[in-house]
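Residue numbers (the working numbering), protein chains in the order written: chain A, 306 to 415; chain B, 5 to 121.
Just so it is clear, CB atoms sit at the ideal spot from N, CA and C, and this is done for glycine as well.
All of these numbers come straight from a predicted model, not from anything done at the bench.
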């Protein structure tokens with residue numbers, strides 16, 4: 306079956322530092338992965354996605370890395386800002402639906 | 005672009021009543037809409053997938069007679085929680101994509117907080 310998990314439930318970083326959020330997945334047949342950001346009381350917000358034919362993709366201040374060998378996905382946030390505080394979910398696409406991981410809460414220390 | 009709205013944002017109801025939640029794609033036509041529920045400090049759990057003009061596909065363990073889904077147009081899907089009970093209290097979130105393929109980005113609504121007394 307499909308499952309997506311995260312290595313750490315919480316992550317605390319200093320403002321200005323880089324953040325790295327990790328995610329492990331089990332279904333090697335999936336070819337689409339997405340990162341979402343969810344602030345308290347709000348719906349998830351799309352951050353960045355990557356398809357399995359790529360191993361890296363960059364956006365504005367964010368980079369997603371995909372390691373298919375070890376079934377690992379990571380989200381890197383450069384120069385973390387207070388507005389980055391949220392829960393981050395990875396999701397794996399397959400069979401016409403997404404499977405979400407448990408989420409990592411990112412907190413920013415001033 | 006790609007804005008999804010939900011209404012209402014919050015609803016409080018008495019046990020035994022039914023509640024309808026609307027999900028609209030505001031600037032695109034949504035071939036497929038998805039309904040999720042999320043309990044506090046937990047992840048999103050897919051309840052059902054809804055395609056315009058056809059019956060929804062429910063995930064295992066989700067009662068289709070309790071959670072009625074209607075996707076009557078390309079911009080509107082509704083979720084009705086029938087005979088709601090306190091254990092149905094949750095955060096309900098819809099999402100939509102325009103192509104119906106899993107590789108098409110899903111855009112999420114802001115969620116609806118349901119509290120059943």
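Cutoff 7 angstroms: residue i Cβ touching any chain A Cβ
i: residue 78 (chain B); result: no
i: residue 43 (chain B); result: no
i: residue 32 (chain B); result: no
i: residue 119 (chain B); result: no
i: residue 50 (chain B); result: yes
i: residue 109 (chain B); result: yes
i: residue 65 (chain B); result: no
Bridge-paired residues (DSSP) for residue i
i: residue 66 (chain B); result: For residue 66 (chain B), which the question treats as bridged, DSSP gives no partner whatsoever.
i: residue 75 (chain B); result: Note: residue 75 (chain B) sits in no beta bridge, so no partner.
i: residue 343 (chain A); result: A:392
i: residue 398 (chain A); result: A:337 and A:403
i: residue 378 (chain A); result: A:328 and A:371
i: residue 25 (chain B); result: B:83
i: residue 55 (chain B); result: B:36
i: residue 412 (chain A); result: A:317
Any non-hydrogen atom of the ligand ADP closer than 6 angstroms to residue i Cβ
i: residue 12 (chain B); result: Among the components of this structure there are no ligands whatsoever, and the ligand ADP is therefore not found.
Buried/exposed call for residue i, threshold 16 Cβ in 10 Å
i: residue 76 (chain B); result: exposed
i: residue 371 (chain A); result: buried
i: residue 406 (chain A); result: buried
i: residue 51 (chain B); result: buried
i: residue 45 (chain B); result: exposed
i: residue 68 (chain B); result: exposed
i: residue 348 (chain A); result: buried
i: residue 375 (chain A); result: exposed
i: residue 119 (chain B); result: exposed
Residues of its chain near residue i, where Cβ-Cβ distance is below 6 angstroms and the 5 sequence neighbours each way are ignored
i: residue 415 (chain A); result: 320
i: residue 378 (chain A); result: 328, 338, 371 and 395
Sequence-distant residues of its chain with Cβ nearer than 8 angstroms to residue i (five each side left out)
i: residue 11 (chain B); result: 25, 26, 28 and 116
i: residue 98 (chain B); result: 8, 10, 25, 27, 37, 38, 39, 40, 81, 83, 112 and 113
i: residue 110 (chain B); result: 38, 99, 100 and 101
i: residue 412 (chain A); result: 315, 316, 317, 318 and 390
Proximal residues to residue i (C-beta, below 7 angstroms), its chain only, five neighbours per side dropped
i: residue 56 (chain B); result: 35, 75, 77 and 78
Any chain B beta carbon closer than 7 angstroms to residue i
i: residue 365 (chain A); result: no
i: residue 338 (chain A); result: no
i: residue 321 (chain A); result: no
i: residue 348 (chain A); result: yes
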